[in-house]
Amino acid sequence: MPRSNRPRRPASGRGPVSGKGAGRKSNSDVPELDLERARAGIARRESAPDGEWMVRTMTAKNAEKTYICPECSTAVLPGVAHLVVWKDDHLFGAAAGLAERRHWHTNCWLTRSYRYR
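This is the structure in C-alpha coordinates:
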(Lines of atoms letter the chains of each structure in order from A; the text may use other names.)
(Lines give C-alpha, C1' and ligand atoms only; values in the text may rest on other atoms or scores of the structure.)
Protein backbone atom coordinates (compact mmCIF):
# COMPACT_ATOMS: atom_id res chain seq x y z
CA MET A 1 0.00 0.00 0.00
CA PRO A 2 1.46 3.42 -0.93
CA ARG A 3 2.35 5.85 1.80
CA SER A 4 0.30 9.04 2.13
CA ASN A 5 2.16 12.38 2.26
CA ARG A 6 -0.63 14.11 4.12
CA PRO A 7 -0.20 14.58 7.88
CA ARG A 8 -2.49 12.59 10.11
CA ARG A 9 -4.95 14.82 11.92
CA PRO A 10 -7.36 14.14 14.76
CA ALA A 11 -11.10 14.32 14.16
CA SER A 12 -11.13 17.98 15.29
CA GLY A 13 -8.50 18.92 12.67
CA ARG A 14 -6.04 20.64 15.05
CA GLY A 15 -2.63 19.40 14.13
CA PRO A 16 -0.63 16.19 14.12
CA VAL A 17 -1.62 13.44 16.53
CA SER A 18 1.69 11.72 16.80
CA GLY A 19 4.99 11.60 15.10
CA LYS A 20 8.46 12.98 15.48
CA GLY A 21 7.56 16.70 15.52
CA ALA A 22 4.19 16.57 17.24
CA GLY A 23 3.75 19.62 19.47
CA ARG A 24 7.42 20.64 19.43
CA LYS A 25 9.26 23.59 18.02
CA SER A 26 12.73 23.25 16.61
CA ASN A 27 15.63 24.91 18.40
CA SER A 28 16.00 27.42 15.59
CA ASP A 29 12.60 28.98 16.51
CA VAL A 30 13.64 29.80 20.10
CA PRO A 31 15.18 33.28 20.40
CA GLU A 32 18.49 33.60 22.23
CA LEU A 33 18.13 34.91 25.80
CA ASP A 34 19.51 38.43 26.21
CA LEU A 35 20.06 38.70 29.97
CA GLU A 36 21.07 42.37 29.83
CA ARG A 37 17.80 43.26 28.08
CA ALA A 38 15.76 41.17 30.51
CA ARG A 39 17.25 42.90 33.57
CA ALA A 40 16.88 46.40 32.11
CA GLY A 41 13.09 46.46 32.30
CA ILE A 42 12.81 45.42 35.95
CA ALA A 43 12.57 48.14 38.57
CA ARG A 44 13.77 47.40 42.08
CA ARG A 45 12.63 49.10 45.27
CA GLU A 46 15.20 50.84 47.44
CA SER A 47 14.67 52.25 50.91
CA ALA A 48 16.72 55.26 52.00
CA PRO A 49 16.49 57.97 54.69
CA ASP A 50 14.87 60.24 52.08
CA GLY A 51 12.07 57.79 51.22
CA GLU A 52 11.17 54.80 49.10
CA TRP A 53 12.55 54.78 45.55
CA MET A 54 12.01 52.69 42.44
CA VAL A 55 15.26 52.22 40.53
CA ARG A 56 15.55 50.82 37.02
CA THR A 57 18.83 50.16 35.23
CA MET A 58 19.16 51.65 31.77
CA THR A 59 21.76 49.78 29.74
CA ALA A 60 24.16 51.49 27.39
CA LYS A 61 22.43 49.81 24.45
CA ASN A 62 19.04 51.27 25.44
CA ALA A 63 20.25 54.76 26.39
CA GLU A 64 19.28 56.88 23.39
CA LYS A 65 18.71 60.42 24.72
CA THR A 66 20.64 63.03 26.67
CA TYR A 67 19.46 63.73 30.23
CA ILE A 68 20.74 65.95 33.03
CA CYS A 69 21.74 64.16 36.23
CA PRO A 70 20.11 65.91 39.23
CA GLU A 71 23.10 65.27 41.51
CA CYS A 72 26.03 66.57 39.45
CA SER A 73 24.08 68.68 36.90
CA THR A 74 26.04 67.24 33.99
CA ALA A 75 24.72 65.37 30.97
CA VAL A 76 23.98 61.66 30.90
CA LEU A 77 24.95 61.07 27.28
CA PRO A 78 23.44 58.54 24.85
CA GLY A 79 25.20 55.19 25.04
CA VAL A 80 26.05 55.58 28.74
CA ALA A 81 24.55 53.12 31.22
CA HIS A 82 22.67 54.90 34.00
CA LEU A 83 19.70 54.62 36.39
CA VAL A 84 16.12 55.82 36.06
CA VAL A 85 14.79 56.73 39.51
CA TRP A 86 11.38 57.81 40.77
CA LYS A 87 9.72 58.24 44.15
CA ASP A 88 7.61 55.26 45.15
CA ASP A 89 5.92 56.93 48.12
CA HIS A 90 5.05 60.20 46.34
CA LEU A 91 2.56 62.44 48.10
CA PHE A 92 0.22 62.48 45.07
CA GLY A 93 0.47 58.77 44.27
CA ALA A 94 2.52 56.37 42.19
CA ALA A 95 1.56 57.97 38.85
CA ALA A 96 2.87 61.36 39.99
CA GLY A 97 6.09 59.76 41.18
CA LEU A 98 6.55 58.04 37.83
CA ALA A 99 5.89 61.31 35.99
CA GLU A 100 8.71 62.95 37.98
CA ARG A 101 11.32 60.27 37.26
CA ARG A 102 14.91 61.35 36.74
CA HIS A 103 17.96 59.85 35.05
CA TRP A 104 21.02 59.57 37.31
CA HIS A 105 24.61 58.54 36.73
CA THR A 106 25.03 55.25 38.60
CA ASN A 107 27.87 56.62 40.73
CA CYS A 108 25.92 59.79 41.55
CA TRP A 109 22.97 57.71 42.79
CA LEU A 110 25.18 55.45 44.91
CA THR A 111 27.07 58.36 46.53
CA ARG A 112 24.19 60.84 46.80
CA SER A 113 23.64 62.88 49.91
CA TYR A 114 20.35 62.34 51.69
CA ARG A 115 19.50 66.00 52.05
CA TYR A 116 15.92 67.14 51.50
CA ARG A 117 15.16 67.51 47.77
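Just so you know, the sequence shown maps onto residues 1 to 117 in the UniProt record's numbering.
The beta-carbon is built from N, C-alpha and C at its ideal position, and this holds for glycine as well.
Helix, strand or coil at residue i [DSSP, three-state]
i	result
residue 119	Because the chain here runs from 1 to 117, residue 119 falls outside it and cannot be looked at.
LEU77	coil
LEU91	coil
TRP104	strand
Rounded straight-line distance, which links the Cα of residue j to that of residue i
i	j	result
ARG112	VAL30	42 angstroms
HIS82	ASN5	57 angstroms
ALA48	GLU32	37 angstroms
ARG56	ARG3	59 angstroms
Whole-Å CB distance - residue i paired with residue j, under 8 angstroms assumed
i	j	result
THR59	LEU77	No, THR59 and LEU77 are not in contact; Cβ-Cβ is about 14 angstroms, not under 8 angstroms.
PRO100	TRP86	Reading off the sequence, residue 100 comes out as Glu, not Pro. That belief holds up - the Cβ atoms of GLU100 and TRP86 are roughly 6 angstroms apart, short of 8 angstroms.
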